[in-house]
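*Asks:* Going line by line, the protein sequences match chains P and D.
Per the working numbering, residue 1 is the first one in the first sequence, and the count goes up by one each step.
Per the working numbering, residue 1 is the first one in the second sequence, and the count goes up by one each step.
Glycine included, every Cβ here is placed at the ideal spot set by N, Cα and C.
Protein chains: 2
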Amino acid sequence: GDQDLLLAAAYVSDAQYNRNVPFETSPQAISFHSHKSLEYWCLVGIYVFVCKGLQPGLCPNPQVSASPLQATSIVEVLCLTAFFGRLLHFAKVTPQMVFWKDTKNICIMVTIVLTLVDLILYGSLETVNIRSVRWSRALRPVFLINFPESRQIRRAFRSLRNTLPDILYVFLLFMFSMLVFSLMALKLFGDRGLKTAEGSPYFANILEIAFELYVLVTTANSPDVMMPAYDFNWWYSLYFITYIIINTYIFMSVFLAVVYNNYRKHLKNEIRKLAYLKRHKMIEAFNILKVKVDAEFMVQEAQWRRLVHAVAPDMSRGHLELLLRISDEGQTGHVDKMNFLRLADLLNIQVVTVNIKRHPLEAWVPRVYQSSASLLVQRMVRHRIFVWVFDVIILINAIFIALDEKNPFISYAEWLFLSLYIIEILLKLYTYEPRAYFGRKQFWNWFDTLIIIAALVATVANTTIQSAKKYNSQQILDIVLILRILRLLRVIVSIQRFRVIVTTLINIGPTMLTFGGLVFVVYYAFAIVGMEVFHGKVQFFDPNFTTPDALVCGNPALKGSAFSQSRYCKNNFNDLASSFVVLMELTVVNQWHDILHGFALVTHPAAKLYFILFHIVVVILIVNIFIAFVLEAFFVAY
Amino acid sequence: GDQDLLLAAAYVSDAQYNRNVPFETSPQAISFHSHKSLEYWCLVGIYVFVCKGLQPGLCPNPQVSASPLQATSIVEVLCLTAFFGRLLHFAKVTPQMVFWKDTKNICIMVTIVLTLVDLILYGSLETVNIRSVRWSRALRPVFLINFPESRQIRRAFRSLRNTLPDILYVFLLFMFSMLVFSLMALKLFGDRGLKTAEGSPYFANILEIAFELYVLVTTANSPDVMMPAYDFNWWYSLYFITYIIINTYIFMSVFLAVVYNNYRKHLKNEIRKLAYLKRHKMIEAFNILKVKVDAEFMVQEAQWRRLVHAVAPDMSRGHLELLLRISDEGQTGHVDKMNFLRLADLLNIQVVTVNIKRHPLEAWVPRVYQSSASLLVQRMVRHRIFVWVFDVIILINAIFIALDEKNPFISYAEWLFLSLYIIEILLKLYTYEPRAYFGRKQFWNWFDTLIIIAALVATVANTTIQSAKKYNSQQILDIVLILRILRLLRVIVSIQRFRVIVTTLINIGPTMLTFGGLVFVVYYAFAIVGMEVFHGKVQFFDPNFTTPDALVCGNPALKGSAFSQSRYCKNNFNDLASSFVVLMELTVVNQWHDILHGFALVTHPAAKLYFILFHIVVVILIVNIFIAFVLEAFFVAY
Ligand code: NA
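1) Distance, Cα to Cα, residue 482(P) vs residue 394(P)?
2) Between 611(P), 308(P), 205(P), which lies nearest to residue 534(P) when the distance is taken from Cα to Cα?
3) Below 8 Å on the Cβ atoms is my contact criterion, and I expect residue 112(P) with residue 146(P) to pass it. Report the Cβ-Cβ distance as a whole number of Å.
4) Is the CB of residue 66(P) under 8 Å away from at least one CB in chain D?
5) What residues from chain P crowd round residue 197(D), counting only those whose CB sits closer than 8 Å?
6) With DSSP as the reference, label residue 187(D) as helix, strand or coil.
7) Say the cut is 7 Å; is the CB of residue 623(P) nearer than that to a heavy atom of the ligand NA?
8) Let's test the definition: count the other Cβ atoms within 10 Å of the Cβ of residue 269(P) and tell me whether it reaches 16, buried, or not, exposed.
9) Identify every residue that forms a DSSP beta bridge with residue 532(D).
10) Relative to the C-alpha of residue 646(P), which residue among 335(P), 283(P), 285(P), 138(P) is closest?
11) Closest by CA to residue 344(P), which one among 367(P), 284(P), 213(P)?
12) Between which two residues does the beta strand (DSSP E) carrying residue 334(P) extend?
13) Among 602(P), 18(P), 592(P), which residue has its Cα nearest to the Cα of residue 221(D)?
14) Measure from the C-beta of residue 175(P) to each C-beta in chain D and report whether the shortest distance is under 8 Å.
15) Residue 237(D) touches chain P at which residues, Cβ-Cβ below 7 Å?
16) Candidates 626(D), 372(D), 202(D), 633(D): which alpha carbon is nearest residue 256(D)'s?
17) Distance, Cα to Cα, residue 186(D) vs residue 526(P)?
18) Below 8 Å on the Cβ atoms is my contact criterion, and I expect residue 12(D) with residue 307(D) to pass it. Report the Cβ-Cβ distance as a whole number of Å.
19) Should the region 556 to 565 of chain D be called in touch with the region 156 to 176 of chain D, which here means at least 3 C-beta pairs below 8 Å?
20) Is the beta carbon of residue 341(P) closer than 8 Å to that of residue 297(P)?
21) Any chance the CB of residue 589(D) is under 7 Å from a heavy atom of the ligand NA?
22) Taking buried to mean at least 16 other C-beta atoms within 10 Å of its own C-beta, is residue 367(D) buried or exposed?
23) Is it buried or exposed for residue 295(D), if we count other Cβ within 10 angstroms and need 16 for buried?
24) Does any C-beta atom of chain P lie closer than 8 Å to the C-beta of residue 268(D)?
25) Please decide whether residue 103(D) counts as near chain P, where near means a Cβ-Cβ distance under 8 Å.
26) Listing by chain order, which chain P residues have their CB less than 8 Å from the CB of residue 591(D)?
27) With a threshold of 8 Å between beta carbons, is residue 570(P) in contact with chain D?
28) Measure how close the beta-carbons of residue 515(P) and residue 156(P) come, nearest whole angstrom, since I'm counting them as under 8 Å.
29) Rounded to a whole number of angstroms, what is the C-alpha to C-alpha distance between residue 529(P) and residue 542(D)?
30) Do residue 288(D) and residue 4(D) count as a contact pair if the criterion is CB distance below 8 Å?
31) As a quick exercise: from 364(P), 547(P), 322(P), 178(P), pick the residue whose alpha carbon is nearest that of residue 349(P).
32) Measuring only between beta-carbons, confirm whether residue 620(D) sits less than 8 Å from chain P.
33) Interface residues of chain P around residue 488(D) at Cβ under 9 Å?
34) Residues of chain P with CB closer than 7 Å to the CB of residue 497(D), please, in chain order.
35) Find the residues of chain P that neighbour residue 585(D), judging by a C-beta separation of less than 9 Å, and give them in chain order.
36) Identify the continuous beta strand (DSSP E) that holds residue 584(P) and give its terminal residues.
Put into structure tokens, the structure is as follows:
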């Protein structure tokens with residue numbers, strides 16, 4: 001009876017959201033499975049846990065970053081308990097065989113044990129005043145990846161892993177080609193006694209050449225790496241042109257091609273697998289609820305209603321009746337198997353109830369709302385000239401923003417623009433039905449209103465502070481400025497072709513967040529390692545300091561290096577936030593060899609391997625997957 | 001009779017090679033059409049004409065570049081005459097209506113007239129000692145593009161032009177986003193009084209900001225452009241990260257997506273159109289030759305033989321009989337319409353005659369070749385251990401190459417390796433049938449043999465010169481070195497996965513040449529303009545010179561600029577070859593802003609537009625088409 005219904009609802013719900021956790025079918029396991037509050041608490045735990053490392057960066061004040069050991073440890077132990085609880089919950093819900101076969105669970109268990117060991121070791125060493133390395137921090141991303149909530153990130157990682165075998169062969173061939181070119185360079189330029197622009201010997205040994213050629217593939221040292229040879233003889237430029245065509249253009253495109261090809265193949269497989277699992281779950285649910293009607297198995301209407309209500313308690317009556325009408329077209333009082341299996345998909349369809357509802361004002365004050373003056377206003381607002389007028393106002397506003405705001409006249413004009421925008425929104429709300437205006441898909445109306453309200457609040461706050469304290473609060477002023485400028489984006493909506501492109505970009509937003517997760521996890525792992533290796537080696541001083549120490553970022557090894565000359569001192573691994581910024585710069589690639597050389601100088605030449613590995617993982621793999629994803633999204637959209 | 005056959009043969013030939021020049025069907029036009037020698041002479045004319053400009057670079061001696069005006073003018077007039085002759089030929093062959101409708105012909109005519117006018121103007125001004133600008137040189141690529149031989153390049157240009165409308169909207173949106181970010185930067189950083197690493201004001205006016213942000217899209221000024229703001233406040237890095245994600249990553253991927261999408265669409269259309277035209281021509285040919293047999297139109301076998309002989313006079317008897325067998329399967333003595341239309345495709349099929357021929361030695365000296373010792377040698381050579389042994393030898397050779405060759409022992413070892421490779425080739429020729437070994441598709445056998453023979457010749461030449469003159473001829477030594485190292489590529493053949501990738505790369509070679517043509521034409525046009533604007537502004541001095549003049553590339557305006565500090569003096573537009581190298585560096589993008597700033601300093605800030613335009617045309621359009629092409633080629637191959 002009820003237990004059967006709950007079990008069927010669990011199957012349908014899993015099919016609807018593509019959840020693939022096998023669970024035991026005992027009554028108490030089901031109720032546990034559908035109980036979600038614990039999951040959310042664990043999620044919070046995970047994020048507190050991971051974000052903790054970010055704090056020193058978020059509050060750049062260095063005193064705060066040295067938070068007391070006790071507080072940190074207590075949070076960590078609490079988190080580990082939460083994770084362990086979560087694991088227990090799974091062990092209860094999942095059949096034993098399945099639980100122990102799942103590498104996810106083993107991973108988490110091992111990580112919990114290792115973290116505990118590290119915590120105890122570190123704590124006991126600390127009590128006898130020995131500072132050791134908190135190596136288990138590098139394991140933290142495991143929690144992020146292996147929890148069911150990060151299904152998307154795990155899928156992205158799987159896609160990454162599947163690409164590896166194919167890309168490996170291209171990479172080996174690429175390395176081989178690089179070696180052949182290195183050997184050529186050694187023979188052609190090695191004995192010439194050429195000097196680089198900095199006066200150091202040019203292409204003197206094969207390791208250095210191979211490294212310079214690897215950097216050339218990222219284009220970061222072009223054209224400097226060519227200049228000494230080119231200055232010596234015009235012909236030698238052909239060597240570099242050939243190298244760039246083959247390795248920078250062709251090989252890098254082949255990397256993209258291999259990644260893209262795998263991405264598409266993988267995507268197809270995933271979709272096929274998900275469709276299979278969904279169907280399988282719906283058949284299980286059907287088998288639980290089926291009754292025999294006229295030699296055919298069916299689900300009774302009443303049972304179907306209760307099932308849908310259990311799966312989607314918030315569904316409106318009208319919506320439910322609509323789904324029933326679709327599932328039981330003949331109105332036989334039963335839903336047959338074929339129509340039952342479609343339920344998971346039907347539940348996912350967003351029903352846009354077309355509200356041709358009357359404006360609330362029409363109901364409240366019909367005489368006023370329908371008066372000729374009121375109708376004129378409504379006609380005006382609906383006219384496209386209304387849109388154009390406000391586009392022109394926005395453009396004039398842009399010019400005012402670009403002008404100097406020290407001028408009091410311009411600062412008053414800003415109030416005028418703000419009131420114009422508010423009037424526009426009020427007029428629109430007067431004309432259009434408010435619930436339709438703020439509908440789910442009305443991205444631009446939401447955007448508009450939120451920007452204006454935020455700008456209003458921030459401007460008022462800023463003025464209040466300014467008049468009270470006689471100085472500007474920089475943070476709020478910055479926010480006001482950004483909001484003011486973001487309003488300009490509104491102009492895009494008026495041009496159809498722009499709207500199409502922006503809509504595509506907005507639609508790929510959620511998947512982009514998955515990439516954000518993937519990148520975050522990889523960055524986090526690299527940042528932890530970077531912080532262990534490079535922490536404190538490079539110091540940032542106030543840019544106005546010109547002491548010898550400040551000029552070499554507090555490390556004499558950097559004297560005369562490109563790193564200190566370019567003033568990269570703040571590109572360091574001293575806290576998580578700074579590490580993330582450095583990793584972002586490495587992802588953009590430009591000047592990465594200067595950063596690399598800087599950190600090699602303050603530690604050991606082998607530190608280069610860290611940066612090269614990062615380049616291979618992030619630029620060759622992840623960035624290419626990102627490009628493949630945007631390409632695919634636009635092909636589908638066009 | 002004969003005229004009909006010639007006309008039909010012309011149609012079939014055009015269908016076979018996808019030539020789409022409509023021609024008059026008068027007898028003399030047809031014979032003219034099939035007469036090809038004039039075409040080749042014109043081609044030579046075109047290349048002499050275009051390459052002339054390259055000479056100053058090819059012979060870096062500055063005296064040669066100032067060739068006498070007379071000689072140049074005579075060559076130009078001769079070339080123009082050749083082009084005009086070509087045009088006349090077309091006018092004769094093509095129906096008048098079609099000739100005057102074709103923009104190609106109008107283009108060439110106008111260019112010829114303009115070049116003549118320029119030549120006369122320049123010459124007459126020269127006689128009264130006024131040096132004017134040879135502006136018609138920028139028109140030269142018109143000849144290259146508009147002649148029928150550059151069909152592929154024209155197709156690539158058409159593909160480029162078709163992409164423009166779609167890309168324009170994305171580009172406008174991208175510019176808009178850049179402007180919004182510029183405005184934000186002006187407001188956020190403009191009044192802070194920040195300074196760059198060089199000490200100049202940071203983000204002071206909107207034009208400069210917009211330019212810096214455009215450069216950031218190409219990543220060329222990352223992370224330097226961020227450092228002052230980041231040093232000032234950690235939060236400001238978020239502004240740059242947002243900008244990079246939106247504009248550098250997403251927008252640049254969208255550009256690639258739009259270009260790729262158009263490329264695929266265009267490719268499909270072209271193929272469809274070509275197939276239609278081919279069919280149409282074959283139907284014309286059929287209609288000329290058809291006779292009525294049993295209420296159906298057919299072509300008689302004898303007529304068909306004569307047609308094929310006219311189209312492909314070199315075809316072997318066996319090949320012709322094979323085609324006939326395919327076209328007239330029932331051996332009825334007639335070819336029906338459906339089979340006739342397939343002829344153009346059949347002619348394109350490369351017939352690989354599988355020669356299970358005996359080795360010539362087996363015919364000449366059967367006793368010796370079949371002796372047990374000889375058979376043992378053959379079995380040895382066919383064994384895969386033979387391949388492995390030579391792979392190991394090549395790898396050992398690689399190590400010897402990497403070692404110092406001043407050592408006489410190593411220099412003798414090189415002779416040993418060379419003889420081993422020659423023995424290997426001789427053994428293979430002894431074992432395998434020579435004509436099969438050097439078959440059309442045996443790329444690697446050809447590669448191997450040519451490299452070894454070239455290395456042998458070059459090494460002998462080098463040794464002779466060395467012993468005769470007691471000094472190394474650098475050019476020959478360089479070639480020997482390169483050949484010696486290229487032999488290492490042989491190792492690739494032994495690994496199946498590598499061979500697949502390399503084969504794909506070799507297969508896309510011919511189309512890659514089309515890109516070479518496209519890039520050449522665009523480079524040429526930009527180089528001509530660059531040479532007119534920047535000629536002589538930057539001078540290259542010997543790198544050992546340290547006079548103040550040499551340090552600023554002979555132009556005081558460059559004092560203290562990144563251009564002169566990075567020693568970019570040889571990156572100038574003083575001759576075509578140097579211009580091409582600069583444009584190649586701009587294509588690679590890295591440090592392009594330094595080159596741009598240098599040339600803006602020695603001329604006018606507006607010169608920046610030249611470089612930005614080049615970036616848009618070459619990097620955003622052509623490089624993306626190239627990537628799209630490689631992607632598509634690899635998708636087809638996998
Ligand atoms: Na770069």
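*Replies:* With the structure as the only source:
1) In a straight line, the C-alpha of residue 482(P) is about 15 Å away from that of residue 394(P).
2) For the residues 611(P), 308(P), 205(P), the minimum Cα distance to residue 534(P) belongs to 611(P).
3) In fact, because the Cβ distance is near 11 Å, the residues do not count as touching under 8 Å.
4) Because residue 66(P) sits at a pLDDT of 43, beneath the cut-off of 50, its placement in the model cannot be relied upon, and the point is left open.
5) The contacting residues are 565, 566, 567.
6) In the structure shown, residue 187(D) sits in a helix (DSSP, three-state: H, G or I).
7) The answer is no for residue 623(P).
8) So residue 269(P) counts as exposed.
9) Partner(s): none; residue 532(D) has no beta bridge.
10) This structure leaves residue 646(P) out entirely; chain P is present only between 1 and 638.
11) Selected option, being the one with the closest Cα: 284(P).
12) Looking at the DSSP string, the run of the beta strand (DSSP E) that includes residue 334(P) is 334 to 336.
13) Across the set 602(P), 18(P), 592(P), the C-alpha of 592(P) shows the shortest separation from the C-alpha of residue 221(D).
14) No, because no Cβ of chain D sits closer than 8 Å to the Cβ of residue 175(P).
15) What residue 237(D) touches in chain P: 581.
16) Minimum Cα-Cα distance from residue 256(D) among the listed residues 626(D), 372(D), 202(D), 633(D) corresponds to 626(D).
17) Roughly 34 Å separates the two Cα atoms.
18) At roughly 7 Å, the Cβ-Cβ gap stays under 8 Å, so residue 12(D) and residue 307(D) are in contact.
19) No, the region 556 to 565 of chain D is not in contact with the region 156 to 176 of chain D.
20) Between residue 297(P) and residue 341(P), the C-beta gap is not smaller than 8 Å, which leaves the two residues out of contact.
21) Yes; taking the cut-off as 7 Å, the Cβ of residue 589(D) has a heavy atom of the ligand NA nearer than that.
22) Exposed.
23) Flag for residue 295(D) reads exposed.
24) For residue 268(D), no CB of chain P lies under 8 Å from its own CB, so it is not counted at the interface with that chain.
25) Taking Cβ atoms only, chain P never reaches closer than 8 Å to residue 103(D), which makes this a no.
26) The CB of residue 591(D) comes closer than 8 Å to the CB of 222, 223, 224 in chain P, given here in chain order.
27) Flagged as an interface residue toward chain D: residue 570(P), by a C-beta distance shorter than 8 Å.
28) About 7 Å separates the two Cβ atoms, so the contact holds.
29) Taking the straight line joining both Cα atoms gives about 46 Å.
30) Contact annotation: residue 4(D) and residue 288(D) have beta-carbon atoms nearer than 8 Å.
31) Between residue 349(P) and the set 364(P), 547(P), 322(P), 178(P), the nearest pair of CA atoms involves 322(P).
32) No Cβ of chain P is located within less than 8 Å of the beta carbon of residue 620(D).
33) Neighbours of residue 488(D) in chain P, taken as residues at a C-beta separation under 9 Å, are given in chain order as 176, 179, 180, 183.
34) Within chain P, the residues near residue 497(D) are 169.
35) Contact of residue 585(D) with chain P by beta-carbon distance below 9 Å involves 222, 223, 226.
36) Unbroken run through residue 584(P) is the alpha helix (DSSP H), 576 to 588; no beta strand (DSSP E).
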